[in-house]
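Protein chains: 2
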Amino acid sequence: MSDPTAPNGAQALVQTLVDAGVDVCFTNPGTSEMHFVAALDDVTAMRGVLALFEGAVTGAADGYARMADRPAATLLHLGPGLGNGLANLHNARRAHTPIVNIVGDHATYHKQYDAPLESDIDAIAGAVSGWFRRSMTPDAVAADTADAVAAARTPPGQVATLVLPADVCWLPAPAGPAPAVAPPAGRPPASDQVAAAAKALQSGEPCTVLIGGRSMRADGIRTAARIGHATGAKVMAETFPSRHERGAGLPDIPRLAYLAEFAQMQLDGTRHLILVDTVEPVSFFAYPDKASVLTPDGCQVSTLAAGPDDPLQALEALANEVGAVDAAPTAPTGRPDRPTGPLDTETLAAAIGATLPDGAIVVDEANTSGLSIPGATAGGPHHDWLCLTGGAIGIGLPLALGAAVACPDRRVLALEADGSAMYTLQALWSMAREQLDVTTVIANNSSYAVLNMELNRVGADAGGPRSRSMLDLRDPDLDFVALAGGMGVDGVRVESAEDLTTQLERCNGEPGPHLIEAVVPALGL
Amino acid sequence: MSDPTAPNGAQALVQTLVDAGVDVCFTNPGTSEMHFVAALDDVTAMRGVLALFEGAVTGAADGYARMADRPAATLLHLGPGLGNGLANLHNARRAHTPIVNIVGDHATYHKQYDAPLESDIDAIAGAVSGWFRRSMTPDAVAADTADAVAAARTPPGQVATLVLPADVCWLPAPAGPAPAVAPPAGRPPASDQVAAAAKALQSGEPCTVLIGGRSMRADGIRTAARIGHATGAKVMAETFPSRHERGAGLPDIPRLAYLAEFAQMQLDGTRHLILVDTVEPVSFFAYPDKASVLTPDGCQVSTLAAGPDDPLQALEALANEVGAVDAAPTAPTGRPDRPTGPLDTETLAAAIGATLPDGAIVVDEANTSGLSIPGATAGGPHHDWLCLTGGAIGIGLPLALGAAVACPDRRVLALEADGSAMYTLQALWSMAREQLDVTTVIANNSSYAVLNMELNRVGADAGGPRSRSMLDLRDPDLDFVALAGGMGVDGVRVESAEDLTTQLERCNGEPGPHLIEAVVPALGL
Numbered sequence: 005m006s007d008p009t010a011p012n013g014a015q016a017l018v019q020t021l022v023d024a025g026v027d028v029c030f031t032n033p034g035t036s037e038m039h040f041v042a043a044l045d046d047v048t049a050m051r052g053v054l055a056l057f058e059g060a061v062t063g064a065a066d067g068y069a070r071m072a073d074r075p076a077a078t079l080l081h082l083g084p085g086l087g088n089g090l091a092n093l094h095n096a097r098r099a100h101t102p103i104v105n106i107v108g109d110h111a112t113y114h115k116q117y118d119a120p121l122e123s124d125i126d127a128i129a130g131a132v133s134g135w136f137r138r139s140m141t142p143d144a145v146a147a148d149t150a151d152a153v154a155a156a157r158t159p160p161g162q163v164a165t166l167v168l169p170a171d172v173c174w175l176p177a178p179a180g181p182a183p184a185v186a187p188p189a190g191r192p193p194a195s196d197q198v199a200a201a202a203k204a205l206q207s208g209e210p211c212t213v214l215i216g217g218r219s220m221r222a223d224g225i226r227t228a229a230r231i232g233h234a235t236g237a238k239v240m241a242e243t244f245p246s247r248h249e250r251g252a253g254l255p256d257i258p259r260l261a262y263l264a265e266f267a268q269m270q271l272d273g274t275r276h277l278i279l280v281d282t283v284e285p286v287s288f289f290a291y292p293d294k295a296s297v298l299t300p301d302g303c304q305v306s307t308l309a310a311g312p313d314d315p316l317q318a319l320e321a322l323a324n325e326v327g328a329v330d331a332a333p334t335a336p337t338g339r340p341d342r343p344t345g346p347l348d349t350e351t352l353a354a355a356i357g358a359t360l361p362d363g364a365i366v367v368d369e370a371n372t373s374g375l376s377i378p379g380a381t382a383g384g385p386h387h388d389w390l391c392l393t394g395g396a397i398g399i400g401l402p403l404a405l406g407a408a409v410a411c412p413d414r415r416v417l418a419l420e421a422d423g424s425a426m427y428t429l430q431a432l433w434s435m436a437r438e439q440l441d442v443t444t445v446i447a448n449n450s451s452y453a454v455l456n457m458e459l460n461r462v463g464a465d466a467g468g469p470r471s472r473s474m475l476d477l478r479d480p481d482l483d484f485v486a487l488a489g490g491m492g493v494d495g496v497r498v499e500s501a502e503d504l505t506t507q508l509e510r511c512n513g514e515p516g517p518h519l520i521e522a523v524v525p526a527l528g529l
Numbered sequence: 005m006s007d008p009t010a011p012n013g014a015q016a017l018v019q020t021l022v023d024a025g026v027d028v029c030f031t032n033p034g035t036s037e038m039h040f041v042a043a044l045d046d047v048t049a050m051r052g053v054l055a056l057f058e059g060a061v062t063g064a065a066d067g068y069a070r071m072a073d074r075p076a077a078t079l080l081h082l083g084p085g086l087g088n089g090l091a092n093l094h095n096a097r098r099a100h101t102p103i104v105n106i107v108g109d110h111a112t113y114h115k116q117y118d119a120p121l122e123s124d125i126d127a128i129a130g131a132v133s134g135w136f137r138r139s140m141t142p143d144a145v146a147a148d149t150a151d152a153v154a155a156a157r158t159p160p161g162q163v164a165t166l167v168l169p170a171d172v173c174w175l176p177a178p179a180g181p182a183p184a185v186a187p188p189a190g191r192p193p194a195s196d197q198v199a200a201a202a203k204a205l206q207s208g209e210p211c212t213v214l215i216g217g218r219s220m221r222a223d224g225i226r227t228a229a230r231i232g233h234a235t236g237a238k239v240m241a242e243t244f245p246s247r248h249e250r251g252a253g254l255p256d257i258p259r260l261a262y263l264a265e266f267a268q269m270q271l272d273g274t275r276h277l278i279l280v281d282t283v284e285p286v287s288f289f290a291y292p293d294k295a296s297v298l299t300p301d302g303c304q305v306s307t308l309a310a311g312p313d314d315p316l317q318a319l320e321a322l323a324n325e326v327g328a329v330d331a332a333p334t335a336p337t338g339r340p341d342r343p344t345g346p347l348d349t350e351t352l353a354a355a356i357g358a359t360l361p362d363g364a365i366v367v368d369e370a371n372t373s374g375l376s377i378p379g380a381t382a383g384g385p386h387h388d389w390l391c392l393t394g395g396a397i398g399i400g401l402p403l404a405l406g407a408a409v410a411c412p413d414r415r416v417l418a419l420e421a422d423g424s425a426m427y428t429l430q431a432l433w434s435m436a437r438e439q440l441d442v443t444t445v446i447a448n449n450s451s452y453a454v455l456n457m458e459l460n461r462v463g464a465d466a467g468g469p470r471s472r473s474m475l476d477l478r479d480p481d482l483d484f485v486a487l488a489g490g491m492g493v494d495g496v497r498v499e500s501a502e503d504l505t506t507q508l509e510r511c512n513g514e515p516g517p518h519l520i521e522a523v524v525p526a527l528g529l
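So the sequences go chain by chain: A and B. If you read the first sequence in the working numbering, its first letter stands for residue 5, the second for the next number, and so on. If you read the second sequence in the working numbering, its first letter stands for residue 5, the second for the next number, and so on.
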């Protein structure tokens with residue numbers, strides 16, 4: 005420890021992050037991360053956001069980056085902390101969200117002793133990370149950090165995991181300018197891919213352009229719709245896009261259905277499927293005697309842009325190639341009327357549609373209860389729609405937390421199912437702590453309704469009382485108003501469409517987080 | 005599907021589990037597990053216990069097996085469900101707890117399509133499993149299941165992960181008797197290890213016998229104490245035993261301290277350290293300029309029993325070898341007086357000690373707030389004490405859930421810290437659903453107090469307001485009475501020693517789960 009004024013490794017790391025534009029860190033730290041935490045007092049441009057559980061940390065980092073278009077950092081406590089955050093890192097991996105995922109570890113020389121918290125971080129991280137490195141010396145930590153940021157931002161975006169031994173944090177690091185971060189740009193379109201897509205569109209046979217990922221923002225949607233408008237191709241969106249820009253003034257792009265049978269109907273007759281920053285659609289799960297691949301037999305599948313390609317450039321090139329000049333029609337402006345009567349899937353959707361704030365960020369984990377909400381909001385004010393990309397439920401509240409940190413001037417509307425909410429409910433506490441403008445609507449149908457449906461769909465139709473009870477969330481009933489209150493978030497319970505509408509208006513208009521528990525019947529599917 | 009009366013793979017699996025003595029399954033299932041769930045109606049000897057989060061599932065399986073001395077099964081939903089349960093599987097791995105950890109997966113033929121929930125289950129499971137297999141055909145599933153149970157029960161016990169593809173569950177399996185399960189017995193003591201330990205004990209130099217694991221039950225404790233009594237050796241226990249049988253009538257074996265400095269003081273002067281079903285003690289974490297290995301310089305370390313060895317046989321052999329015949333003194337019978345005045349670490353401990361029910365199962369995740377409780381209960385009625393073995397906080401409530409399922413005739417006392425409780429609070433709901441006799445005491449000091457201490461200990465003493473705020477659980481305050489009520493558990497908040505004592509007596513005497521939020525000051529360490 006020669007130069008007491010030199011920064012330590014943790015300070016060098018945090019400074020490098022800030023210099024690279026990563027200035028929010030969602031964290032649930034432990035002992036091995038204490039020097040990183042201490043560095044928050046030295047590098048004050050870094051904002052630390054504490055969460056009480058790591059699933060909230062990683063889901064928040066996902067929501068933040070989806071909205072900020074730059075990564076947040078996480079700070080997790082060894083293998084178990086990484087494990088707790090793993091499900092939402094899985095979702096982030098599927099969303100291609102850039103995350104600088106920092107996992108503290110034992111000091112380099114301490115690992116050999118197999119202390120109680122020692123575990124195989126590399127193996128666990130490998131399951132969700134596109135890039136992985138263990139920083140081994142304080143001399144290297146700044147460069148490693150810069151590489152992690154660059155890796156996270158490499159198109160299409162990925163989880164970059166940097167493992168940070170405790171001694172690398174506490175030993176002195178060389179002072180000096182932070183290394184530059186230079187993520188590669190998106191790859192320009194390949195002319196043969198553009199030509200192949202154009203040929204399909206001009207074949208006279210039924211075509212579907214399936215867009216996803218980074219093509220789901222306004223520019224991509226407009227260009228894709230223009231192509232469809234000019235060529236007669238159907239334009240559809242992947243089932244669960246990471247971020248979908250929607251509302252009046254934008255073309256309304258229908259999403260492929262979650263249920264394989266419905267998706268197959270949507271794709272029926274298509275002879276050419278053109279993929280733009282998405283993959284060939286497959287069934288979410290396998291079912292006895294049902295197809296895994298949803299593309300019709302004999303349909304030709306071509307990829308216009310994928311992975312490192314820039315999908316916007318590719319769409320523009322394709323539009324030029326097929327002479328798509330005229331703008332496509334946009335969603336007709338309009339909101340549903342204020343609903344009345346009992347709450348159900350339809351009145352719930354109408355209440356959301358009737359009250360949607362301009363510029364809202366909608367986080368959708370309402371599952372079966374939310375099926376009608378996209379339709380009720382398509383002509384509403386401009387908004388972004390964030391989906392559960394990887395199927396691991398428990399993302400909604402964390403995603404809302406992160407989106408609200410990224411966009412303090414916008415209202416976040418978290419549409420939650422009761423079962424999903426219970427995985428990572430701790431995110432409510434962080435919303436209260438940070439006083440974020442989030443309105444959470446819990447659609448409480450007292451069941452894992454999607455599983456009651458799936459129990460039938462997989463053919464396990466013997467479902468008797470003992471199996472049905474495994475999908476039943478009654479006995480005891482969950483009281484989300486009490487749960488929210490326990491974490492400092494005001495809540496209210498509503499049982500009619502009028503009350504839901506009134507409460508949505510009130511909550512969306514007041515600063516800070518609010519929760520509305522909407523009692524709904526389980527959708528009979 | 006030739007024989008419609010044949011069981012399917014899921015039914016064969018569940019029947020095999022039951023026949024092998026595994027008749028409790030803690031679960032948070034998803035679509036790929038629906039046939040297993042449906043089989044609960046066919047094999048009614050299997051009890052399904054639903055939890056709202058997988059961390060509660062895996063921690064409950066750990067607590068169940070620690071008390072039942074036989075494994076429970078888990079049922080988890082693909083890689084993300086396994087991830088959510090990973091931290092408590094890490095703790096179970098450190099506890100050598102037998103668990104039959106069943107992870108549902110996509111149908112075998114569906115994996116190639118990389119559906120959204122596809123992930124590297126093998127890598128994730130590898131980090132916590134002593135045994136791992138993917139069952140690939142319904143013909144093999146019964147044998148695979150029997151092998152998993154045998155592997156889980158192989159001394160000293162381990163997590164055995166069986167990955168269960170959906171089609172293996174739904175396809176017909178051959179009917180027939182379930183395969184026999186034959187876990188190997190513990191290995192008898194090796195004479196050279198016994199002789200080496202005896203030689204050390206008879207050397208005339210200071211000796212410490214450090215016991216852990218399966219030697220922490222009454223028989224092992226009595227034998228170890230007898231050896232210490234006869235030879236003058238100090239007998240100590242590992243820091244965090246899986247299950248420690250305690251109370252009046254048993255020798256009081258002090259545990260090695262968590263803080264390395266204190267543990268070094270306890271071991272100071274020891275020339276021979278004899279390990280019985282435990283490992284050489286190392287510091288939980290590394291700290292600048294502090295030792296990792298806690299054994300004094302020059303101390304000889306020998307292992308009497310480890311891994312597959314039977315530690316009880318080994319202790320008996322050693323006792324014979326050194327002629328240890330007389331029973332050692334036992335803890336003096338006695339409880340603390342009913343405490344009065346403000347709540348603090350001491351009065352909290354006295355209240356627990358004054359009211360401890362006979363035969364209680366104490367789950368200890370009270371962290372800094374609980375430091376005085378072992379002393380206050382050593383002379384109390386007979387009880388078992390379950391520790392956090394792997395350092396991954398968030399185990400206490402799940403462990404209590406599982407222990408209560410295993411021992412419906414005993415009161416479980418869950419001693420919880422506020423920060424730790426928030427990781428897996430969902431376990432309360434399962435306690436209410438199953439109407440389990442659990443009294444949960446939340447020591448609410450509104451902070452990650454252990455981290456405030458560790459922030460100093462790692463040398464990060466610059467800790468200013470921004471770093472301290474990352475360890476502060478105020479703003480908003482957590483209201484555990486509201487949180488418990490939201491999940492169907494009655495709660496009460498106490499702020500004095502008298503009230504805590506009164507409420508402990510009331511809650512311990514009433515059936516079903518109760519929660520007491522005890523407001524305590526953070527321990528100034």
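Think of the CB as a built atom: it goes at the ideal place given N, C-alpha and C, for glycine as much as any other residue. Fair warning: this is a prediction, and the values are worked out from it, not measured in the lab.
Annotation: the stretch 211-244 of chain B contains the following complete segments of the beta strand (DSSP E) (minimum length 3 residues), in chain order: 211-215, 238-241. Residue state for Thr359/A is assigned as helix, using DSSP reduced to three classes. Within chain B, the residues placing a beta-carbon under 9 Å from that of Val297/A are Tyr117, ordered along the chain. In the DSSP assignment, His94/A falls outside any beta strand (DSSP E) and lies within the alpha helix (DSSP H) extending over 90-99. For Gln430/B, the nearest CB of chain A lies under 9 Å from its own CB, placing it at the interface with that chain. Looking from the CA of Leu80/B, the closest CA among Met71/B, Ala72/B, Ala96/B, Leu54/B belongs to Leu54/B. Between Gly52/B and Met474/A, the C-beta gap is smaller than 9 Å, which places the two residues in contact. Around the beta carbon of Glu458/A, 16 or more other beta carbons sit within 10 angstroms, so the residue counts as buried. In this structure, Pro245/A sits near Gly216/A, with a CB-CB distance shorter than 9 Å. Distance check between Leu390/B and each of Asp171/B, Thr101/B, Met50/B places Thr101/B closest, using alpha-carbon atoms only. Using a 10 angstroms sphere on the CB of Pro336/A, the tally of other CB atoms stays under 16, which defines it as exposed. Between the stretch 491-510 of chain B and the stretch 334-348 of chain B there are three or more inter-stretch CB-CB distances shorter than 8 Å, so the stretches are counted as touching.
With a 10 Å radius around the Cβ and a threshold of 16 neighbouring Cβ atoms, Val329/A comes out exposed. Taken in chain order, the members of the stretch 385-403 of chain B whose beta-carbon sits within less than 8 Å of a beta-carbon on chain A are Thr393, Gly394, Gly395, Ala396, Gly398. Only residues of its own chain outside the window of five on either side were considered, and among them Gly273, Thr274, Arg275 have a CB closer than 7 Å to the CB of Pro210/B, listed in chain order. By the 16-neighbour rule on beta-carbons within 10 angstroms, Met435/A is buried. In the DSSP annotation of this structure, the continuous segment of the beta strand (DSSP E) that includes Phe30/A starts and ends at 28-31.
Within the stretch 278-293 of chain B, contact with chain A at the beta-carbon level (separation under 8 Å) is assigned to Val283, Val286, Ser287, Phe288, Phe289, Ala290, Pro292.
In the DSSP assignment, Asn105/A forms a beta bridge with Thr78/A, Thr165/A. The three-state reading of DSSP puts Ile399/B in coil, since its state is none of H, G, I, E or B. Using a Cβ distance threshold of 9 Å, Thr243/A and Leu254/A do not count as a contacting pair. Counting only Cβ-Cβ distances below 7 Å, Val498/B has no contacts in chain A at all, with the closest Cβ about 17 Å away. With respect to the C-alpha of Met240/A, the residue from Ala267/A, Glu325/A, Gly251/A having the closest C-alpha is Ala267/A. Residue contact with chain A for His39/B: present (Cβ-Cβ distance below 9 Å to some residue of chain A). At the C-beta level, Pro84/B and Ser123/B come within 9 Å of one another. Ranked by Cα distance from Phe136/B, the options Ala119/B, Ala156/B, Gly379/B are led by Ala156/B.
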